[in-house]
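Trainee:
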Amino acid sequence: MPLKGVIFDWDGVVINSALLHEKSWEVLAKELALKLPPNHFKLGFGKRNEIIIPEILKWTKNPDECQKWGNRKEEIYRELAEIEGIPILQGIKPFLISLQNASIPCAIGTSTEKANLELAFKQLKIGSFFSGSVCSEDVSKGKPDPEVFIKAAKFINQTPQTCVVIEDSTHGIEAAKNGRMKAVGLATTRSKNELYQKGADLVLSNPSDLNISLLELLFTS
44 MPLKGVIFDW DGVVINSALL HEKSWEVLAK ELALKLPPNH FKLGFGKRNE IIIPEILKWT
104 KNPDECQKWG NRKEEIYREL AEIEGIPILQ GIKPFLISLQ NASIPCAIGT STEKANLELA
164 FKQLKIGSFF SGSVCSEDVS KGKPDPEVFI KAAKFINQTP QTCVVIEDST HGIEAAKNGR
224 MKAVGLATTR SKNELYQKGA DLVLSNPSDL NISLLELLFT S
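In structure tokens form, the structure reads like this:
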């Protein structure tokens, strides 16, 4: 079964947004006069705010407050991103160009908000490489549930079994495998060992190591 499509996570795979997200949580905590627990950012990276706020930060379990504070956190992120700029990860654009030249369709499956994605597209001019995107607003279940990736596969008119997901988070790798997709980990925010432990078919150090031949090999083994 050949490679027919590639689905990208966003933060930590296409863009290097970790510092902006970490800063935005710090600003929000200061605004609310609340404390951030140790290691909160690593534990929450890639998860949806409605999970992070009650389960990791333990600020509140009130759904309305979770939504309000989560929305504010994303507003802060965009404010910081407008000022500081959103850095693209080195090597990702050449890989996107190679996929486009090979007529392999791409989509995005992410826990981030659509407004964050649109801001990055505006700054980085890379939106044309993707046939569609599935964001936090588009799903009812977050990773490791595979809903986000299954919907992304539909955007590019492919079955999950013919797609490769590129992820940097452990629960993202789990989501890809739960959706019966090939999973390639990028060790940009987690260690190679952590990603392999969650079932990654291949783990690379950074996006510069990505190439189509490597992905195609996943379907021959």
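Quick note: to get my numbering, add 43 to the position in the sequence shown (first position is 1).
Every residue gets a Cβ at the ideal spot worked out from N, C-alpha and C, and that includes glycine.
Just so we're clear, the structure is a prediction, and the values are computed from it rather than from any experiment.
Which whole runs of the alpha helix (DSSP H) in the stretch 75 to 129 are 4 residues long or more, in chain order?
Mentor: Fully enclosed alpha helix (DSSP H) runs of 4 or longer: 83 to 87 and 106 to 127.
Trainee: Taking its Cβ as the centre, do 16 or more other Cβ atoms sit within 10 Å of Q240, making it buried, or is it exposed?
Mentor: Q240 should be labelled exposed.
Trainee: With a threshold of 8 Å, are at least 3 pairs of Cβ atoms found where one atom belongs to the stretch 48 to 66 and the other to the stretch 187 to 196?
Mentor: Yes, the stretch 48 to 66 touches the stretch 187 to 196.
Trainee: Using a 10 Å radius around the Cβ and a threshold of 16 neighbouring Cβ atoms, would you call I209 buried or exposed?
Mentor: That one is buried.
Trainee: As a quick exercise: from C178, D244 and P137, pick the residue whose alpha carbon is nearest that of R223.
Mentor: Looking at the Cα atoms, D244 is the closest of the given residues.
Trainee: Below 7 Å between beta carbons: does that hold for P137 and S174?
Mentor: Their beta carbons are not under 7 Å apart, which means P137 does not touch S174 by this criterion.
Trainee: Using only CA atoms, which one of V56, V182, T153 and V191 lies nearest to K130?
Mentor: The amino acid occupying residue 130 in the given sequence is Pro; Lys does not appear at that position. Of the candidates V56, V182, T153 and V191, the one whose C-alpha sits nearest the C-alpha of P130 is V56.
Trainee: Beta-carbon within less than 8 Å of P45's beta-carbon, same chain only, minus the 5 sequence neighbours each way: which residues are those?
Mentor: Cβ neighbours of P45 beyond the five flanking positions: T205, E259 and F262.
Trainee: Relative to the alpha-carbon of C109, which residue among I95, S256 and E118 has its alpha-carbon at the smallest distance?
Mentor: It is I95.
Trainee: Cα-Cα, which of S60, K90, L160 and T231 is closest to E217?
Mentor: Closest by alpha carbon: K90.
Trainee: CB-CB under 7 Å to C178, same chain, minus the five flanking residues each way: which ones, in chain order?
Mentor: Same-chain partners within the cutoff: T153, T155, E156, K157 and L160.
Trainee: Spell out the partners DSSP gives L229 in its beta bridges.
Mentor: Note: L229 sits in a beta bridge opposite L247.
Trainee: Quick one: what's got a C-beta closer than 6 Å to L79's C-beta in the same chain, skipping five residues either side?
Mentor: Only A72 meet the Cβ criterion.
Trainee: Mapping the DSSP letters down to three states, classify E210 as helix, strand or coil.
Mentor: Reduced to three states, the DSSP call for E210 is strand.
Trainee: What first and last residue would you give for the beta strand (DSSP E) that runs through F11?
Mentor: This structure leaves residue 11 out entirely; the chain is present only between 44 and 264.
Trainee: Does DSSP classify S179 as helix, strand or coil?
Mentor: Correct three-state label for S179: helix.
Trainee: Hey, quick one: how far does the beta strand (DSSP E) through A150 stretch, first residue to last?
Mentor: Here the beta strand (DSSP E) through A150 covers C149 to G152.
Trainee: If we ignore side chains and look at the alpha-carbon of each, how far apart do D54 and E69 end up?
Mentor: Rounded to whole angstroms, D54 to E69 spans 18 Å at the Cα level.
Trainee: In angstroms, rounded to a whole number, what distance separates the CA positions of I199 and A219?
Mentor: Their Cα atoms are separated by approximately 16 Å.
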